[in-house]
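Below is one structure, written out as structure tokens; comments come after it.
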Ligand SMILES: Cc1cc2nc3c(=O)[nH]c(=O)nc-3n(C[C@H](O)[C@H](O)[C@H](O)COP(=O)(O)OP(=O)(O)OC[C@H]3O[C@@H](n4cnc5c(N)ncnc54)[C@H](O)[C@@H]3O)c2cc1C
């Protein structure tokens with residue numbers, strides 16, 4: 001472990017100032033389940049932790065039919081999947097946040113940290129992409145928003161500039177006749193990094209799919225929004241043929257690496273399997289299943 005100074009930020013402006021003053025070796029500390037491991041293993045040079053968990057905008061979940069869902073970026077997973085509105089209206093966030101690590105990790109780990117760690121395999125990211133999530137960012141130049149699918153720029157890299165951090169994550173209210181599902185494949189039953197994760201959202205107009213989003217993780221340098229896969233199911237009833245076309249488009253978009261968890265061939269195969277399963281799961285939820 002390297003010697004790291006710890007400061008508790010009292011407000012959004014305070015955190016921006018601390019991050020700016022700290023320069024390249026200052027890091028936001030949310031749950032610490034990624035960044036403390038990285039500091040201990042000296043994978044990053046860190047001299048200052050700016051703890052953002054005591055800023056009121058960073059913790060909590062709020063929902064309104066008009067405004068949608070806002071989650072403070074440092075809100076721990078257990079608080080997200082325990083929220084009644086999230087359970088009822090955004091079960092896809094429950095899918096992902098309830099399997100990140102185990103119970104102890106979920107007591108600390110946040111979706112903001114999952115996003116900002118920007119691992120290609122981050123489990124929360126494809127779920128947030130299909131739900132049309134945006135990151136509300138504060139920094140020295142003021143506030144800005146970035147769509148989740150545009151946030152990660154490479155393994156461990158993202159759009160945040162010096163002094164910037166994510167204050168909250170926002171999701172529009174779910175449309176009528178819509179449903180979404182997130183799933184992953186891991187070699188063990190729990191506590192493993194995804195070999196593939198995937199999410200789909202579908203909206204129906206009668207029996208036809210009127211709108212779709214499909215996102216993949218762990219199969220490219222960043223999580224992917226795959227527009228070609230969504231296009232394969234839009235405008236028609238969901239059928240074995242349209243699902244197979246979406247799965248084929250998703251396999252084509254995936255550019256996985258081989259590592260100790262899986263080969264390129266296996267990952268490509270799993271992309272097809274999980275595109276299909278999440279599409280079917282999204283359709284079931286659109287029909288009222290939880
Ligand atoms: C045993 C174990 C099991 C795990 N299992 C999983 C798993 O199944 N799936 C999975 O996806 N991950 C897993 N992880 C990784 C980790 O728990 C998650 O990525 C978690 O969501 C990180 O959230 P955090 O709040 O702890 O982030 P932190 O560790 O506090 O931060 C992570 C990174 O993001 C930055 N950051 C955090 N919040 C912000 C913010 N608001 N604005 C700007 N930058 C910020 C930090 O500076 C740091 O670089 C596991 C980790 C452990 C130790």
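Numbering (this note's numbering), first residue to last: 1 to 290.
Backbone N, C-alpha and C define an ideal beta-carbon position, used for all residues, glycine too.
As the structure is a computational prediction, the values presented were derived from the model and not from experiment.
Query                                                                                                                                                            : Result
In whole angstroms, give me the CA-to-CA distance for residue 229 and residue 239.                                                                               : 14 Å
Could you have a look at residue 259 and say whether DSSP puts it in helix, strand or coil?                                                                      : strand
For residue 175 and residue 145, what's the separation of their Cα atoms in angstroms?                                                                           : 21 Å
May I have a chain-ordered list of the alpha helix (DSSP H) segments no shorter than 4 residues that lie completely inside the stretch 214–277?                  : 227–231 and 240–253
Sorted by chain position, which residues of the same chain lie with C-beta nearer than 6 Å to residue 133's C-beta, five sequence neighbours on each side aside? : 148, 169 and 171
By Cβ distance, which residues of its chain are closer than 7 Å to residue 242, with the 5 residues on each side in sequence left out?                           : 232, 233 and 236
How would you write the range of the beta strand (DSSP E) that residue 62 sits in, first residue to last?                                                        : 61–64
Rounded to the nearest angstrom, how far is the Cβ of residue 225 from that of residue 254, given a contact under 8 Å?                                           : With a Cβ gap of about 13 Å, residue 225 and residue 254 do not count as contacting.
Between 177, 60 and 125, which has its C-alpha nearest residue 204's C-alpha?                                                                                    : 177
Under DSSP, the beta strand (DSSP E) around residue 92 begins and ends at which residues?                                                                        : Not the beta strand (DSSP E): residue 92 falls in the alpha helix (DSSP H), residues 91–97.
Can you give me the C-alpha to C-alpha distance between residue 85 and residue 92, rounded to a whole angstrom?                                                  : 12 Å
For residue 68 and residue 180, I'd like the C-alpha separation in whole angstroms.                                                                              : 16 Å
What's the C-alpha gap between residue 201 and residue 2?                                                                                                        : 43 Å
Which residues does DSSP pair with residue 143 in a beta bridge?                                                                                                 : 138
So, at 7 Å on beta carbons, what are the nonlocal neighbours of residue 80 in its own chain, with the 5 sequence-adjacent residues on each side left out?        : 61, 71, 86, 93, 97 and 111
Starting from the Cα of residue 20, find the closest Cα among 138, 104 and 289 and give me that residue.                                                         : 138
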